[in-house]
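Residue numbers (my numbering): 675 to 823. Positions of the beta carbon are idealized from the N, C-alpha and C atoms, including for glycine.
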Amino acid sequence: MWLKLILLMPVLIRAVYTDIKSGKIENRLMLASVIGGLVIDYCMGGSTYVLMGLKMALVMTGALFVLFLIKGLGAGDIKLLSSIGIFMPEQIVKITVAAFIIAGLLSVCKIMYRVIKKEPPFVPGETIHFSVPILLSVCVITCITAGLN
């Protein structure tokens with residue numbers, strides 16, 4: 675599990691960087707992540723593990739596509755979660771739930787900070803760079819899971 679986290683971390687850090695800088699997550703980064711995840715899956719568990727990773731990536735894409743349609747989540751965020759599903763198929767549901775919880779907590783903190791500073795709590799058109807909660811949730815869930823084993 676730690677090997678997967680070490681290999682996935684540069685992808686997550688790059689995704690956060692480009693998301694904050696440009697509001698986009700690069701397709702070539704996601705393609706490299708998917709290919710790398712499939713290779714690691716094959717090396718660690720053979721074709722069965724590759725199929726499980728692909729299945730979880732498809733499940734994540736399908737489940738989150740509705741949020742994309744209502745503009746609640748960006749396509750890059752969905753691709754990022756799907757690629758994590760290939761790397762960590764057993765934890766992807768927990769990682770996704772944790773990412774939404776972390777995003778909610780960060781949003782509440784941002785609103786409270788603005789209220790304390792006597793600023794308007796909401797800014798029209800402002801979005802959350804969801805790659806940040808995704809990165810944090812991968813770290814939290816990996817640490818919790820490793821602690822339980």
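In the DSSP assignment, LEU705 falls within the alpha helix (DSSP H) that extends over 701-743. By the 16-neighbour rule on beta-carbons within 10 angstroms, PHE739 is exposed. With distances taken between CA atoms, VAL797 lies nearest to ARG788 out of SER805, PHE804, ARG788. Counting the other Cβ atoms within 10 Å of the Cβ of LYS745 gives fewer than 16, which makes it exposed. Of the other Cβ atoms in all chains shown, 16 or more fall within 10 Å of the Cβ of ALA731; this residue is therefore buried.
Looking from the CA of LEU725, the closest CA among GLY711, THR801, ALA737 belongs to GLY711. Counting only residues of its own chain and dropping the five nearest sequence neighbours on each side, LEU679 has a CB closer than 6 Å to the CB of THR816. Contact fails between the region 703-717 and the region 767-776, because fewer than three Cβ pairs, one in each stretch, are under 8 Å apart. Residue environment analysis places ILE687 among the exposed positions, since fewer than 16 neighbouring C-beta atoms fall within 10 angstroms of its C-beta.
The way I'd put it, the region 771-780 doesn't touch the region 714-724; fewer than three beta-carbon pairs between them come closer than 8 Å. Boundaries of the alpha helix (DSSP H) around PRO684: 676-696. Between the alpha carbons of VAL782 and GLY720 lies a gap of roughly 43 Å.
LEU755 and ILE714 do not touch by the CB rule: their CB atoms are close to 17 Å apart, not below 8 Å. With contacts defined by Cβ atoms closer than 8 Å, ILE709 and GLY750 do not form a contacting pair.
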